[in-house]
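Trainee:
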Amino acid sequence: MASMDVSLKEMMAIDGALGAVVVDYGSGMALGALGGSKDLDLQVAAAGNTEVVKAKLRTMESLGLKDTIEDILISLTGQYHIIRPMTGRGGKGLFLYLALDRGRANLAMARHQMRAIEEKLEV
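For the sequence shown, position 35 matches number 35 in UniProt numbering, and the numbering has no gaps at all.
1. ILE83 lies in the beta strand (DSSP E); which residues open and close that run?
2. Check whether the stretch 94-104 and the stretch 56-67 touch, using three or more Cβ-Cβ pairs below 8 Å as the test.
3. Following the continuous alpha helix (DSSP H) through MET1, name the residue where it begins and the one where it ends.
4. Below 8 Å on the Cβ atoms is my contact criterion, and I expect VAL22 with LEU8 to pass it. Report the Cβ-Cβ distance as a whole number of Å.
5. If we require 4 or more residues per run, which alpha helix (DSSP H) segments fall completely within the stretch 52-123?
Below you can see the structure in the form of structure tokens.
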């Protein structure tokens with residue numbers, strides 16, 4: 001099991017990482033964050049992506065889908081944003097958020113690494 005600090009550092013070690021956050025989507029608050037810049041405010045990203053997760057969960061419920069979300073990918077012209085709801089014990093109601101530089105990131109590898117980080121994280 002890994003601590004939040006270790007997990008955030010592992011997320012930032014992914015090629016192209018710009019910012020990493022562990023978010024409580026009940027409140028929209030970042031529980032831990034690393035990286036970011038003046039152009040990538042991680043507190044704003046945490047709150048905004050909370051709305052993305054809530055909207056997707058409401059839509060799935062309306063459709064009667066019994067699946068769970070593995071991850072949500074937002075592709076921008078210069079960045080990838082990966083939102084990964086936590087499913088492990090103690091992680092319910094939380095998600096991992098990672099912003100990547102699209103020119104330096106390998107999306108498939110980043111998703112694979114995020115899955116491994118989420119599995120080890122203990123909150």
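From the three backbone atoms N, C-alpha and C, an ideal C-beta is built for every residue, glycine too.
Mentor: According to the structure shown:
1. The residue given as residue 83 occupies position 83 in the sequence shown. Secondary structure note for ILE83: its beta strand (DSSP E) is the uninterrupted segment 79-85.
2. Inter-segment contact for the stretch 94-104 and the stretch 56-67 is absent: fewer than three beta-carbon pairs are separated by less than 8 Å.
3. Mapped onto the sequence shown, residue 1 falls at position 1. Premise fails: MET1 is in no alpha helix (DSSP H) and is neither H nor E.
4. Sequence index remark: in the sequence shown, residue 22 carries index 22 (1-based). Sequence index remark: in the sequence shown, residue 8 carries index 8 (1-based). Contact check for VAL22 and LEU8: beta-carbon distance about 7 Å, within the 8 Å limit, so the pair qualifies.
5. Qualifying alpha helix (DSSP H) stretches, in chain order: 107-120.
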